[in-house]
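Residue numbers (our numbering): 402 to 692. Written below as structure tokens is the structure these notes are about.
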Amino acid sequence: MPVQLGGGGKLAEPRARVDLSPTAVADKGRASSTRRNRRQKKKASPPLPPTPMQSLFDTSREVFSASSPGFVPPPDAVARLSAILNDLKPHDVGIDSNMPCFKHGDSKGPPRVTYLHFYDCAKFSFGIFCLPKSAVIPLHNHPGMTVFSKILFGSMHLKSYDWARSIPDNTTTSTLETSNGARLAKVNTDAVFDASAETVVLYPENGGNLHCFTALTPCAVLDVMGPPYNRADGRDCAYYSEAPFSSSCGEFLFSNPIYYSCWRDDQYSWLKEIPSTFEMKGIQMDRKFIV
Numbered sequence: 402m403p404v405q406l407g408g409g410g411k412l413a414e415p416r417a418r419v420d421l422s423p424t425a426v427a428d429k430g431r432a433s434s435t436r437r438n439r440r441q442k443k444k445a446s447p448p449l450p451p452t453p454m455q456s457l458f459d460t461s462r463e464v465f466s467a468s469s470p471g472f473v474p475p476p477d478a479v480a481r482l483s484a485i486l487n488d489l490k491p492h493d494v495g496i497d498s499n500m501p502c503f504k505h506g507d508s509k510g511p512p513r514v515t516y517l518h519f520y521d522c523a524k525f526s527f528g529i530f531c532l533p534k535s536a537v538i539p540l541h542n543h544p545g546m547t548v549f550s551k552i553l554f555g556s557m558h559l560k561s562y563d564w565a566r567s568i569p570d571n572t573t574t575s576t577l578e579t580s581n582g583a584r585l586a587k588v589n590t591d592a593v594f595d596a597s598a599e600t601v602v603l604y605p606e607n608g609g610n611l612h613c614f615t616a617l618t619p620c621a622v623l624d625v626m627g628p629p630y631n632r633a634d635g636r637d638c639a640y641y642s643e644a645p646f647s648s649s650c651g652e653f654l655f656s657n658p659i660y661y662s663c664w665r666d667d668q669y670s671w672l673k674e675i676p677s678t679f680e681m682k683g684i685q686m687d688r689k690f691i692v
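Right, here's the structure in full:
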């Protein structure tokens with residue numbers, strides 16, 4: 402029998418039946434979970450952009466994917482990797498000038514260069530050269546390699562050469578190589594660079610493939626090289642001595658001091674391979690940025 406409410410009220414509506422069967426409960430749980438997931442997706446933050454080091458690694462891997470001796474990346478790839486390097490700051494790679502590797506610890510000997518090695522494979526490698534003030538990386542080559550160099554802080558003098566392809570004009574020199582093995586090279590760069598300078602790129606045959614660094618202040622330079630040095634493949638690093646080129650005295654012999662009375666051409670030098678006496682301290686860095 403229906404119940405009559407006082408005061409002229411309406412009859413109470415019967416309650417809806419609740420289905421408590423296992424199937425119904427499971428369906429309700431799934432629906433609730435779906436709604437909850439949708440809400441969480443709406444609230445989820447967008448993915449974080451890659452760190453500068455991750456971007457450097459990813460871009461280097463793409464640029465040097467076809468790397469082999471003599472490989473030259475296309476211009477758009479060179480521009481892309483150079484842009485990544487141009488934007489790098491010391492804190493992006495976890496270094497600063499107060500680190501011990503930028504101090505001259507032994508006043509009795511020349512300042513020692515430290516190499517922070519981040520990554521290498523058959524295609525490319527990259528790392529940071531840490532130079533205390535007055536430290537020198539002697540004149541050396543990069544056989545069959547393309548190299549991107551970016552100064553992160555400090556200032557340094559850079560001198561670079563490419564092998565001469567022809568005899569200079571107005572000279573009595575008739576050969577590009579002397580009897581004692583010295584080769585004629587032309588100056589590519591002879592200037593001071595600091596962190597405001599854009600990335601320097603050298604190529605297997607030009608752009609300053611042979612170069613040397615002299616630190617005017619504590620400084621750091623990041624190099625990306627492809628392909629890396631490989632002694633087993635005959636691409637070891639060679640070091641060179643320099644001697645002035647005289648454009649009026651004929652072939653120059655390193656043992657002949659007569660060149661002092663000759664007119665020099667500062668755009669050229671004789672370079673002769675010498676045994677290596679240069680040593681660096683190498684430190685393997687954490688690779689956790691690589692994914």
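All residues carry an ideal CB built from backbone N, CA and C; glycine is no exception.
Buried versus exposed, by CB contacts within 10 Å (16 or more), D563: Start at 1 with the first residue of the sequence shown, and residue 563 comes out as number 162. So D563 counts as buried.
First through last residue of the alpha helix (DSSP H) which encompasses E463: What you label residue 463 is simply residue 62 of the sequence shown in a count that begins at 1. Run containing E463: 453 to 464, per the alpha helix (DSSP H) assignment.
Paired residues, beta bridge with S526 - DSSP: Position 125 of the sequence shown, counting from 1, holds the residue named residue 526. Answer is D521, M626, bridged to S526.
Cβ neighbours of M546 in the same chain (closer than 7 Å, five flanking residues each side left out): Position 145 of the sequence shown, counted from the start, is the residue given in the question as residue 546. The residues are P605, M626, G627, P628.
For A621, the three-state DSSP class (helix, strand or coil): Counting from 1 along the sequence shown, the entry for residue 621 is found at position 220. Of the three classes helix, strand and coil, the one that applies to A621 here is strand, per DSSP.
Simplified DSSP state of I568, which is helix, strand or coil: As a first step, residue 568 is located in the sequence shown; it is residue number 167 there, counting from the start. Residue state, collapsed to three classes: coil.
contact_flag[the region 462 to 470, the region 485 to 502] where n(CB pairs < 8 Å) is 3 or more: In short, these stretches do not touch, since the Cβ pair count stays below three.
D493 (DSSP reduced to helix, strand or coil): Counting from one through the sequence shown, the residue named residue 493 turns up at place 92. Helix, per DSSP.
Those residues which DSSP pairs with D667 across a bridge: Taking the sequence shown and counting its residues from 1, one reaches residue 667 at position 266. DSSP output for D667 lists no bridge partner at all.
S468 vs F525 beta-carbon contact at 8 Å: Translated into positions along the sequence shown, residue 468 becomes position 67. Translated into positions along the sequence shown, residue 525 becomes position 124. Yes.
Alpha-carbon spacing of T515 relative to F503, whole angstroms: The count along the sequence shown starts at 1 and reaches residue 515 at position 114. The count along the sequence shown starts at 1 and reaches residue 503 at position 102. Cα to Cα, T515 sits roughly 8 Å from F503.
Touch test, the region 473 to 493 against the region 592 to 603, Cβ-Cβ under 8 Å, three pairs minimum: yes
Cα-Cα separation, A592 to G555: For the purposes of this step, residue 592 is taken as the residue at position 191 of the sequence shown. For the purposes of this step, residue 555 is taken as the residue at position 154 of the sequence shown. So the alpha carbons of these two residues sit roughly 14 Å apart.
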